[in-house]
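Trainee:
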Amino acid sequence: MAEQKMNFFDKMQALDRRYIYLVVALAIILPLVIPFNSRTYVTEPSENIYKKIDSFTGRKDRAVLMCFSHDASTMAELFPMEVAILRHCFQRNIQVFTICFIPAAKPLMDYALQTAKEDYTVQSGVDYVNFGYKPWGIFLPIVLGMGDDVAKAVETDDEGRIVSNLEIMKEIKNYNEMNLVIDFAASAAVYIWIEYARARFGANVAAGVTAVMAADNFPYLQTGQLIGMLAGLKGAAEYEKLVDVFATHKEMVNGVETVVPREFSKEVIKDSWIKLSDIKNPVYKTARIGMNAQTVAHIMIIVFIAVGNIGYFVNRKKNKN
Amino acid sequence: MKRQIPLLIVIILGFIFAIHTFVPHKASADFYDWYQTWIKALSPFMVLLGIMSLFMVNTAKIQRKIPGWQYSVITLLSLIVTGAVGFIWGTQEGTPFMWLFKNVQMPMGATMFSLLAFYIASAAYKAFRARSIEATVLLVAAIIVMLGQVPIGMAISKWIPETSSWILNVPNLAAKRGIGLGVGLGMTATSLKILLGIERTYLGGGD
Chain A
124 MAEQKMNFFD KMQALDRRYI YLVVALAIIL PLVIPFNSRT YVTEPSENIY
174 KKIDSFTGRK DRAVLMCFSH DASTMAELFP MEVAILRHCF QRNIQVFTIC
224 FIPAAKPLMD YALQTAKEDY TVQSGVDYVN FGYKPWGIFL PIVLGMGDDV
274 AKAVETDDEG RIVSNLEIMK EIKNYNEMNL VIDFAASAAV YIWIEYARAR
324 FGANVAAGVT AVMAADNFPY LQTGQLIGML AGLKGAAEYE KLVDVFATHK
374 EMVNGVETVV PREFSKEVIK DSWIKLSDIK NPVYKTARIG MNAQTVAHIM
424 IIVFIAVGNI GYFVNRKKNK N
Chain B
2 MKRQIPLLIV IILGFIFAIH TFVPHKASAD FYDWYQTWIK ALSPFMVLLG
52 IMSLFMVNTA KIQRKIPGWQ YSVITLLSLI VTGAVGFIWG TQEGTPFMWL
102 FKNVQMPMGA TMFSLLAFYI ASAAYKAFRA RSIEATVLLV AAIIVMLGQV
152 PIGMAISKWI PETSSWILNV PNLAAKRGIG LGVGLGMTAT SLKILLGIER
202 TYLGGGD
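From first to last, the protein sequence lines are chains A and B.
Letter by letter, the first sequence follows residues 124 to 444 in the working numbering.
Letter by letter, the second sequence follows residues 2 to 208 in the working numbering.
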């Protein structure tokens with residue numbers, strides 16, 4: 124049987140996967156290597172987390188608990204949001220606790236704290252406490268125990284100190300004071316906080332999740348069981364922008380550029396655009412640079428879908444004829 | 002006895018914890034405090050059990066030289082080396098443990114997750130076809146959500162992120178809530194069956 128000659132669309136349909144992989148690699152690598160200025164639009168779930176954390180500014184009877192429930196594989200999406208929230212807390216003198224229940228999250232938690240505190244003079248035990256790694260088996264007892272007494276539930280911090288003796292704990296008793304829990308996860312770990320800390324003790328719970336997990340959390344967002352959500356790299360980019368526009372807002376004071384934090388305003392965030400090239404520290408714009416790569420990757424996938432479908436319909440018409 | 006004792010422990014403790022949730026009596030609170038102390042004391046042994054299990058499974062694979070036994074060697078070596086450097090030099094910034102984390106685990110983890118992008122792109126090109134009305138709806142929704150998630154969506158038109166948000170907040174939410182309710186009812190039914198001793202498959206043995 125004579126071999127039928129392949130037309131352009133046939134060739135496109137039978138395209139080797141390796142070419143697709145090559146295009147994907149280039150679409151992601153190039154925007155990361157050559158960053159361009161793109162605009163970040165902030166959504167309400169991200170704004171809500173920012174506003175809640177910011178309302179704790181300077182208060183010794185309020186604290187944020189950050190629970191790291193992921194490993195290095197999802198770091199690209201979750202690490203920038205963790206650093207951005209820690210920066211927000213350190214900048215605005217907000218007390219923050221960190222904890223993790225999976226061993227792989229422990230180095231990430233240390234790394235996030237280390238990265239965020241580089242530009243701040245914060246002290247462990249006074250401005251923040253790292254509760255460290257606690258085995259998964261006692262996740263639930265700790266979540267429930269914190270409803271009565273945080274210090275009693277975790278007992279010791281990462282440095283082996285008795286938590287109840289730390290200065291930061293003076294006015295912190297339970298979820299009434301540690302009023303916001305943010306779980307960073309690529310899994311359903313946040314539901315434990317919703318089901319126990321929220322339902323039983325009324326704690327405010329927020330989530331920082333990977334983009335693929337975000338869709339699962341919308342029911343909780345709508346009911347208010349989650350006060351806010353940072354969804355994937357987009358959520359991280361939004362929070363980075365919120366921190367830049369409000370918490371670390373800079374003004375010229377006596378000819379010197381000085382950080383003058385300002386209150387959240389919808390009008391301000393709507394109109395503000397910070398050029399990536401104006402941000403000196405690359406750590407502070409990681410998510411926004413990543414969003415450039417994500418933009419190109421999304422467009423490329425849409426083009427792939429379009430080309431694939433055009434080829435499919437042309438071939439189908441040809442076969443019918 | 003081998004089956005009756007675990008069954009009794011589950012039933013008795015299950016009912017006690019269910020009662021504890023609804024009865025705020027001092028005896029109930031004291032029991033819970035006692036339980037918390039015990040579970041904390043037991044937790045290090047859970048980690049130990051996990052390590053022992055990992056060693057036993059992988060050692061058996063190496064001894065029997067079953068296909069892929071080399072990976073078991075790497076697993077055990079990684080566990081020993083990482084554990085040793087952590088115990089000797091600590092796990093803080095600047096230690097060999099942190100170096101291993103940043104230069105081995107981080108890139109490897111990121112690589113595994115990054116593969117998803119390649120598979121999605123390839124699948125989108127090869128398999129995502131508007132073959133039926135349902136597939137076309139899915140395809141259009143996917144394109145709108147993908148555009149709505151990146152800044153260019155807003156730059157093209159305001160309605161792209163708005164429609165994307167509607168898709169996530171209405172049809173997606175309805176489906177997720179339906180699944181959630183189904184799962185919740187299923188969990189309640191299964192929990193009741195376990196508490197009443199009807200469901201015993203967790204004991205093993207298949208009955």
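By construction, the Cβ of each residue, glycine as well, lies at the ideal position given by its N, Cα and C atoms.
All of these numbers come straight from a predicted model, not from anything done at the bench.
To the nearest angstrom, how far is it from the Cα of Ala128(B) to the Cα of Phe88(B)?
Mentor: Cα to Cα, Ala128(B) sits roughly 50 Å from Phe88(B).
Trainee: Could you give the uninterrupted runs of the alpha helix (DSSP H) lying entirely in the stretch 213-293 of chain A, keeping only those of 4 residues or more?
Mentor: Listed in chain order, they are 228-239, 262-268 and 273-277.
Trainee: Based on DSSP bridge pairs, tell me the residues matched to Ser192(A).
Mentor: Bridge partners of Ser192(A): Ala308(A).
Trainee: Just to confirm before moving on: does the CB-CB distance between Ile12(B) and Leu196(B) stay below 9 Å?
Mentor: Result yes, Cβ atoms of Ile12(B) and Leu196(B) sit closer than 9 Å.
Trainee: Considering only C-alpha positions, which residue in the set Asn130(A), Asn160(A) and Ala137(A) is nearest to Lys398(A)?
Mentor: It is Asn160(A) whose Cα lies nearest to the Cα of Lys398(A).
Trainee: May I ask you to list the residues that DSSP assigns as paired with Met204(A)?
Mentor: For Met204(A), which the question treats as bridged, DSSP gives no partner whatsoever.
Trainee: Counting only Cβ pairs nearer than 9 Å, list the residues of chain A close to Gly110(B).
Mentor: Correct list: Asp194, Ala195, Ser196, Thr197, Met198 and Ala227.
Trainee: Count the other C-beta atoms from every protein chain shown that fall within 10 angstroms of the C-beta of Asp367(A), then say buried if there are 16 or more, exposed otherwise.
Mentor: Buried is the call here.
Trainee: Below 8 Å, is the gap between the Cβ of Asp242(A) and the nearest heavy atom of the ligand NAD?
Mentor: In the structure shown, the ligand NAD is absent, as is every other ligand, since no ligand is present at all.
Trainee: When the Cα atoms are used, what is the spatial distance from Lys103(B) to Asp133(A)?
Mentor: Taking the straight line joining both Cα atoms gives about 45 Å.
Trainee: Express the C-alpha separation of Phe254(A) and Ile317(A) in angstroms, rounding to a whole number.
Mentor: Cα to Cα, the separation comes out at about 20 Å.
Trainee: Kindly say whether Pro264(A), judged by its beta-carbon, lies nearer than 9 Å to any beta-carbon of chain B.
Mentor: Interface residue, yes.
Trainee: Which bits of chain B does Gln348(A) rub up against, with CB to CB less than 9 Å?
Mentor: Per Cβ cutoff of 9 Å: no residues; Gln348(A) is ~11 Å from chain B at best.
Trainee: Is there at least one Cβ from chain B nearer than 9 Å to Gly268(A)'s Cβ?
Mentor: Yes, its Cβ sits closer than 9 Å to a Cβ of chain B.
Trainee: In chain A, what lies closer than 8 Å to Arg130(B) by C-beta?
Mentor: Per Cβ cutoff of 8 Å: Gly431, Asn432 and Tyr435.
Trainee: Counting C-beta neighbours from all protein chains within 10 Å, is the total for Met336(A) 16 or more, i.e. buried, or is it exposed?
Mentor: Looking at its Cβ environment, which holds 16 or more other Cβ atoms inside 10 Å, Met336(A) is buried.
Trainee: Secondary structure at Asn444(A), three-state DSSP: helix, strand or coil?
Mentor: In this structure, Asn444(A) counts as coil in the three-state DSSP scheme.
Trainee: Between Leu209(A) and chain B, is there a C-beta pair that is closer than 9 Å?
Mentor: It does not: the Cβ of Leu209(A) has no partner Cβ on chain B nearer than 9 Å.
Trainee: If you measure from the beta carbon of Leu138(A) to each beta carbon in chain B, is any gap under 9 Å?
Mentor: Interface residue, yes.
Trainee: Can you give me the start and stop residues for the beta strand (DSSP E) that Val376(A) sits inside?
Mentor: Unbroken beta strand (DSSP E) run through Val376(A): Lys373 to Val376.
Trainee: Could you work out which residues of chain A lie near Lys41(B), taking near to mean beta carbons separated by less than 8 Å?
Mentor: By Cβ distance, chain A contributes Ile261, Pro264 and Glu278.
Trainee: On a Cα-Cα basis, can you pick out the residue from Arg284(A), Asp394(A), Ile412(A) and Ile392(A) that is closest to Asp401(A)?
Mentor: Per the Cα distances, Ile412(A).
Trainee: Measure the alpha-carbon distance for Ala338(A) versus Val147(A) and round it to whole angstroms.
Mentor: Straight-line Cα distance between these residues: approximately 24 Å.
Trainee: Run the CB neighbour count on Met124(A), radius 10 Å, all protein chains shown included, and call it buried at 16 or more, exposed below.
Mentor: Note that Met124(A) scores a pLDDT of 47, beneath 50, so its modelled location is shaky and nothing firm can be said.
Trainee: Could you check the C-alpha separation between Thr409(A) and Ile153(B) for me, to the nearest Å?
Mentor: If I take the Cα positions, the gap works out to 18 Å.
Trainee: Measuring CB to CB, does Ile392(A) end up less than 9 Å from Leu356(A)?
Mentor: Cβ distance not < 9 Å, so Ile392(A) and Leu356(A) don't count as in contact.
Trainee: For Ile20(B), go through chain A and note every residue whose CB falls closer than 9 Å to its CB, in chain order.
Mentor: Correct list: empty, because the minimum Cβ distance to chain A is about 15 Å.
Trainee: For a minimum of 4 consecutive residues, which ranges assigned as the alpha helix (DSSP H) are wholly contained in the stretch 136-164 of chain B?
Mentor: Counting whole runs of 4 or more residues, the stretch 136-164 of chain B contains the alpha helix (DSSP H) stretches 152-157.
Trainee: Can you tell me whether DSSP reads Asn104(B) as helix, strand or coil?
Mentor: Three-state DSSP puts Asn104(B) in a helix.
Trainee: Taking the alpha carbon of Leu117(B) as the reference point, which residue from Asp139(A), Tyr144(A) and Glu363(A) has its own alpha carbon closest?
Mentor: Of Asp139(A), Tyr144(A) and Glu363(A), the residue nearest in Cα terms is Tyr144(A).
Trainee: Skipping 5 residues on each side, what residues in its chain have a beta carbon closer than 6 Å to that of Cys223(A)?
Mentor: Hits under 6 Å: Phe191, Lys229, Met232 and Tyr256.
Trainee: Using a Cβ-Cβ distance under 9 Å, would Ile428(A) count as near chain B?
Mentor: Yes, because at least one Cβ of chain B sits closer than 9 Å to the Cβ of Ile428(A).
Trainee: If we cut at 9 Å on Cβ distances, does Ala28(B) have a partner in chain A?
Mentor: It does not; no Cβ of chain A falls within 9 Å.
Trainee: Within the same chain, show all residues whose beta-carbon is closer than 7 Å to that of Ala61(B), passing over the 5 residues directly before and after it, in chain order.
Mentor: Nothing meets the Cβ criterion.
Trainee: Between Gly347(A), Met414(A), Gly181(A) and Ala320(A), which lies nearest to Asp271(A) when the distance is taken from Cα to Cα?
Mentor: Of Gly347(A), Met414(A), Gly181(A) and Ala320(A), the residue nearest in Cα terms is Ala320(A).
Trainee: Nearest to Ala75(A) by alpha carbon, out of Gly378(A), Ala309(A) and Gly283(A)?
Mentor: Since the displayed chain A opens at 124 and closes at 444, residue 75(A) lies outside it and no answer follows.
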